[in-house]
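The structure appears below as structure tokens.
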Amino acid sequence: MTAYLTDSQRRIARVLRELTEDVGYPPSIRELAEAVALSASTVAYHLQALERCGIVTHAPHRSRSYQMQ
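Just so we're aligned, residue 270 is where the sequence shown starts under this note's numbering, counting upward by one.
What follows is the structure, given as structure tokens:
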């Protein structure tokens with residue numbers, strides 16, 4: 270499944286995992302965007318694509334809820 274991910278999606282997934290492990294909870298979309306040097310809307314778009322692929326999960330209407338599967 271990860272063979273179909275773009276470089277940006279792979280980088281976002283890696284940074285999401287690393288930041289979650291370092292701090293103990295998932296980063297916000299803005300924090301993640303800053304870490305990967307992309308806009309928040311671009312990161313949100315890629316997170317939705319990762320969710321459709323089953324790489325991450327997300328609880329609607331909750332902040333900091335993107336987590337690696």
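Note that beta-carbon positions come from the ideal geometry of N, C-alpha and C, so glycine has one too.
- CA-CA distance, Val284 to Tyr273, rounds to 18 angstroms.
- Rounded to whole angstroms, the separation of the alpha carbons of Leu319 and Leu307 is 16 angstroms.
- For Ala306, there is no enclosing alpha helix (DSSP H), since its DSSP letter is neither H nor E.
- The three-state secondary structure of Thr311, taken from DSSP, is helix.
- Under the three-state reduction of DSSP output, Gln278 falls in the helix class.
- Taking a 10 Å sphere around the C-beta of Ala328, we find fewer than 16 other C-beta atoms and assign the residue as exposed.
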